[in-house]
Amino acid sequence: MIGKTIVYLPNWLGDMVMATPFLHALRNSDYGELWAIGKASAIHIYNGLNLFDRFISIDDKGIVASLERSRELKKVGFNRAVALPHSFRSAFFFYNLRIGEIIGYSRNSRGFMIHHKIREKGESPESTVEHYLRIADAMGAHRTIQSPLLMVTEDEEIRFRENFDNITAPYGVLIFGAEYGPSKCWPPKHFSRLADMIFETYGIKTYLLPGKEEKALAQSIIDGLANKEAAVIRDMNVRDLKVCLSRAAFVVSNDTGPRHISAALSVPTIVLLGPMDDRYTDYLSFCTYKISRTMPCRPCNKKQCSKGHECLTTILPDEVFGIVRGIIEKKE
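Going by numbering that gives the first Met the number 0, the sequence shown wraps up at 331, each residue one higher than the last.
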């Protein structure tokens, strides 16, 4: 299919990873020159996959900058556009470019701007991976992979070694925050105890990789350690985070974006599932170990818990350590 296609990428890190099967299908179909638009800070997630010919950053949210970017892109002459997010903004951006075919789901009052509307599956929750793949189906693109897939480039490896030469394997990674909200977060004292248990048993350090506004939370985990050598805080951008996760012996994570990165890199990933309906993030993964509790109020999908947060507080460090032990001893 001749012409140019542009894809508006998801905003959330985990959704970006879960979009890779769709993007892989589109790239391996005859859709001409393929462009993408999204957050510059996160585009490194896709490095090495050769999914796009061009990438456009939308980090600047100023009206003047947005209008100028629109004027420039109108000159490109796109034949079709795919709005992966459900946001009104993503559809309006393409509508303003006067693109002849805009493809996506018609949620959030944006149906009048979508030319090719993807039929909703129904009321039951649908995996985000499948949700995006059904767009590929509707476009006539052939499915090539069924689960998220990422890779680390040689340049990223070199950059990481230069910036973090004191991080040596084996080590573990703890993802203790969640941009969505505190209801997704396992208690800091549990992370502290887990890090101590791993260090006491195997002498393996764990690294805490804080996101935005999470340094205080990271420090609370360090303060709760019995052995202060058991865990270390490291600040990383998305590119270095990806490399760090790829080298880890294991990752223990709240139900948040980085868990999808490590799983897509085939790293053993233990996911602590709290209030969210995990059917949205379900896909085939042989390296993902999920821990959850059956509670009357779960899933509530709330950002903050108004009850006892038992869906996470009742998951104890001993249970998580048991899975970590199995992963470590299987490799030995």
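Beta carbons are placed, not taken as given, at the ideal position from N, Cα and C, and that holds for glycine.
No experiment lies behind these values; they were computed from the predicted model shown.
Unbroken beta strand (DSSP E) run spanning residue i, endpoints
i	result
residue 290	287-290
residue 79	79-82
residue 8	No beta strand (DSSP E) holds residue 8; DSSP gives it neither H nor E.
residue 56	53-56
residue 320	No beta strand (DSSP E) contains residue 320, which is instead part of the alpha helix (DSSP H) from 316-330.
residue 260	No beta strand (DSSP E) contains residue 260, which is instead part of the alpha helix (DSSP H) from 256-263.
residue 205	204-207
residue 253	249-253
residue 101	101-103
Helix, strand or coil at residue i [DSSP, three-state]
i	result
residue 126	coil
residue 108	coil
residue 114	coil
residue 230	strand
residue 69	helix
residue 36	strand
residue 266	coil
residue 179	coil
residue 16	helix
residue 134	helix
residue 174	strand
residue 271	strand
residue 218	helix
Boundaries (first-last residue) of the alpha helix (DSSP H) holding residue i
i	result
residue 44	Residue 44 -> no alpha helix (DSSP H), and no H or E assigned at all.
residue 94	87-95
residue 191	187-201
residue 245	237-246
residue 164	Careful: residue 164 lies outside any alpha helix (DSSP H) and carries neither H nor E.
Cβ neighbours of residue i in the same chain (closer than 7 Å, five flanking residues each side left out)
i	result
residue 246	168
residue 152	46, 47
Distance between beta carbons of residue j and residue i, contact taken as under 8 Å
i	j	result
residue 223	residue 181	The pair is not a contact, with the Cβ atoms about 17 Å apart (cut-off 8 Å).
residue 255	residue 13	7 Å
residue 101	residue 114	5 Å
residue 149	residue 264	5 Å
residue 183	residue 253	5 Å
residue 93	residue 80	4 Å
residue 277	residue 289	7 Å
residue 96	residue 72	6 Å
C-beta atoms of residue i and residue j nearer than 8 Å
i	j	result
residue 326	residue 249	yes
residue 230	residue 204	yes
residue 74	residue 34	no
residue 9	residue 144	no
residue 123	residue 107	no
residue 166	residue 206	yes
residue 185	residue 198	no
residue 67	residue 52	no
residue 17	residue 127	yes
residue 272	residue 284	no
Heavy atom of the ligand MG within 7 Å of residue i beta-carbon
i	result
residue 205	Of ligands this structure carries none, so the ligand MG is not represented either.
Own chain, CB closer than 6 Å to residue i, minus 5 neighbours either side, in chain order
i	result
residue 55	36
residue 191	220, 223, 224
residue 332	There is no way to answer for residue 332, as the model of the chain reaches only from 0 to 331.
Beta-carbon proximity list for residue i, same chain, < 8 Å, skipping 5 on both sides
i	result
residue 139	28
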